[in-house]
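> full-length UniProt numbering puts the first residue of the sequence shown at 1, with every later residue one more than the last. Submitted below is the structure of interest, expressed as structure tokens.
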Amino acid sequence: MRRWGNTNRINGTHNQQPPTNGGNGKGKPKPAAGSLDYENRDNYEFGKYGYGKNHVKLLHVFRDGPLHTIREFEVDTHLKLSTQKDYLDGNNKDIIATDTQKNTVYVLAKKHGIKTPEEFGLLICSHFLYMYRHVEEVEVNLEEYPWERLQADGQEHNHAFLFSPNAIRFATVSQKRNESPIIIGGLKGLRVLKTTQSAFTDFYQDGYRTLSDDNDRIFSTVVTATWEFSTANGVDFDDVWITIKNCIFDKFAGPPDKGIFSPSVQNTLYLTEKMALDKIPQISRIEMQMPNKHYLSVDMSKFPPSILENNENKEVYHPVDKPSGIIYAELLRKNLISKL
Numbered sequence: 001m002r003r004w005g006n007t008n009r010i011n012g013t014h015n016q017q018p019p020t021n022g023g024n025g026k027g028k029p030k031p032a033a034g035s036l037d038y039e040n041r042d043n044y045e046f047g048k049y050g051y052g053k054n055h056v057k058l059l060h061v062f063r064d065g066p067l068h069t070i071r072e073f074e075v076d077t078h079l080k081l082s083t084q085k086d087y088l089d090g091n092n093k094d095i096i097a098t099d100t101q102k103n104t105v106y107v108l109a110k111k112h113g114i115k116t117p118e119e120f121g122l123l124i125c126s127h128f129l130y131m132y133r134h135v136e137e138v139e140v141n142l143e144e145y146p147w148e149r150l151q152a153d154g155q156e157h158n159h160a161f162l163f164s165p166n167a168i169r170f171a172t173v174s175q176k177r178n179e180s181p182i183i184i185g186g187l188k189g190l191r192v193l194k195t196t197q198s199a200f201t202d203f204y205q206d207g208y209r210t211l212s213d214d215n216d217r218i219f220s221t222v223v224t225a226t227w228e229f230s231t232a233n234g235v236d237f238d239d240v241w242i243t244i245k246n247c248i249f250d251k252f253a254g255p256p257d258k259g260i261f262s263p264s265v266q267n268t269l270y271l272t273e274k275m276a277l278d279k280i281p282q283i284s285r286i287e288m289q290m291p292n293k294h295y296l297s298v299d300m301s302k303f304p305p306s307i308l309e310n311n312e313n314k315e316v317y318h319p320v321d322k323p324s325g326i327i328y329a330e331l332l333r334k335n336l337i338s339k340l
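Here you go:
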């Protein structure tokens, strides 16, 4: 279930007074006092609750003459209503059907187009809060399918695209009535590997340790990152996503001729997050995960030397799936921490 708690809010609350009189509260009456369903109900209260439509698939095509642009998404919409009569009494009068939510996604895409997942999420939140008086909070999750324009004869094709899943972009936008939205951007599935310029040495020594120091190892990980915007004003959300991806590449790989040394995954992760906060003043925090994808050297000592001749500078590794280490951290601006 989605979270509905308070976190840092973005300036610029929209006027969300609806034009409709939805949610009039009429409908099926409460269970009669004394019935088993009604008995002791005042002893309990709701924690998290809400409902919505998951996995709404959408391809948006913008045709500018011969040049076509596409964005494909999978969208989740979740609503929290101001009452719980649908749960308590079986009164459905206030329920905006999940099928209606699906239809809303399609209609808004048709009317307004989709520039970025963050902006489309803001539009969906504003729509539900404006149209329905009894909607208390909206959360929208969007995951983008990674299409890129096909290259043909050295130039970009007008209307043909290549599915290129080197990283998955996603966003979460949530908003309470009369409050500013929370905008989270993110990427996942960014798998990277380098064959040198990585070490792991001088870590804690005790009787449980069996891992030896490694001064030159393969470093591979699958990066997940999320970041929160402190403002939506004047933000180029596409540029932010590209910038953060480039920060990961810069601190993981370094210059193409000599690379950059990593003494640990922890240090690489921190330097990446710091670089992102330095470059993008509109984000207030960033959180990353870098799980280890282990590649262990295959022991060739058991094979006779006669079958391993001419093997210099040729190494064989065995990819190991499980178990694997997980390294993660969240970096926040200090002026934000003081306000929490």
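The beta-carbon is built from N, C-alpha and C at its ideal position, and this holds for glycine as well.
Between Asp-238 and the rest of its own chain, which residues show a CB-CB distance below 6 Å, the 5 nearest in sequence each way excluded?
As a first step, residue 238 must be located in the sequence shown, where it is residue number 238. Result list for Asp-238: Thr-116, in chain order.
> Pair every Cβ in the region 188-199 with every Cβ in the region 114-128, then say whether three or more of these pairs are closer than 8 Å.
no
> Using CA coordinates, which residue listed in Thr-221, Ser-230, Thr-104 and Phe-73 is at the minimum distance from Ile-326?
Counting from 1 along the sequence shown, the entry for residue 326 is found at position 326. Measuring from the Cα of Ile-326, the nearest candidate turns out to be Thr-221.
> Take every Cβ of the region 199-210, pair it with every Cβ of the region 301-319, and state whether three or more of those distances are shorter than 8 Å.
no
> Run through the region 118-166 for me and flag every whole beta strand (DSSP E) of 3 or more residues, listed as ranges in chain order.
135-145, 147-152 and 155-163
> Hey, would you say Ile-260 sits closer than 9 Å to Gln-197, going by beta carbons?
As a working mapping, residue 260 is identified with position 260 in the sequence shown. As a working mapping, residue 197 is identified with position 197 in the sequence shown. Contact: yes.
> Would you tell me roughly how many angstroms separate the C-alpha atoms of Val-320 and Glu-45, rounded to the nearest one?
Working through the sequence shown from its first residue, we reach residue 320 at position 320. Working through the sequence shown from its first residue, we reach residue 45 at position 45. Distance between the alpha carbons of Val-320 and Glu-45: 47 Å.
> Per DSSP, which one or two residues make a beta bridge with Ala-232?
Position 232 of the sequence shown, counting from 1, holds the residue named residue 232. In the DSSP output, where bridge partners are listed per residue, Ala-232 has none listed.
> Taking its Cβ as the centre, do 16 or more other Cβ atoms sit within 10 Å of Asp-94, making it buried, or is it exposed?
On the sequence shown, position 94 is the one that residue 94 refers to. Its Cβ being crowded by 16 or more others within 10 Å, Asp-94 is buried.
> For Lys-110 and Ile-124, I'd like the C-alpha separation in whole angstroms.
Taking the first residue of the sequence shown as position 1, residue 110 is located at position 110. Taking the first residue of the sequence shown as position 1, residue 124 is located at position 124. A direct Cα-to-Cα measurement between Lys-110 and Ile-124 gives close to 13 Å.
> So who's on the other strand from Gly-52, going by DSSP bridges?
In the sequence shown, the residue the question calls residue 52 occupies position 52. Beta-bridge pairing links Gly-52 to His-78.
> Count the other CB atoms within 10 Å of the CB of Phe-163; is the residue buried (16 or more) or exposed (fewer)?
For the purposes of this step, residue 163 is identified with residue 163 of the sequence shown, where counting begins at 1. Under this definition Phe-163 is an exposed residue.
> Using 8 Å for Cβ pairs, my map puts His-134 next to Ser-82. What's the rounded Cβ distance?
If you number the sequence shown from 1, residue 134 lands on position 134. If you number the sequence shown from 1, residue 82 lands on position 82. Their Cβ separation, rounded to whole angstroms, is 5 Å, which keeps His-134 and Ser-82 in contact under 8 Å.
> Three-state secondary structure (DSSP) at Asn-43?
If you number the sequence shown from 1, residue 43 lands on position 43. When secondary structure is reduced to three states using DSSP, Asn-43 falls in the helix class.
> The beta strand (DSSP E) spanning Thr-172 covers which residue range?
Sequence index remark: in the sequence shown, residue 172 carries index 172 (1-based). Start and end: 168-176.
> So what does Pro-291 bridge to, in DSSP terms?
Residue 291 sits at position 291 when you count from the first residue of the sequence shown. Pro-291 pairs with Ile-326.
> I need the boundaries of the alpha helix (DSSP H) containing Leu-88, first residue and last residue.
Position 88 of the sequence shown, counted from the first residue, corresponds to residue 88. From DSSP, the alpha helix (DSSP H) with Leu-88 extends over 85-88.
> Taking the continuous beta strand (DSSP E) assigned at Leu-190, which residues delimit it?
Translated into the one-based positions of the sequence shown, residue 190 becomes position 190. Counting along the chain, the beta strand (DSSP E) containing Leu-190 begins and ends at 182-194.
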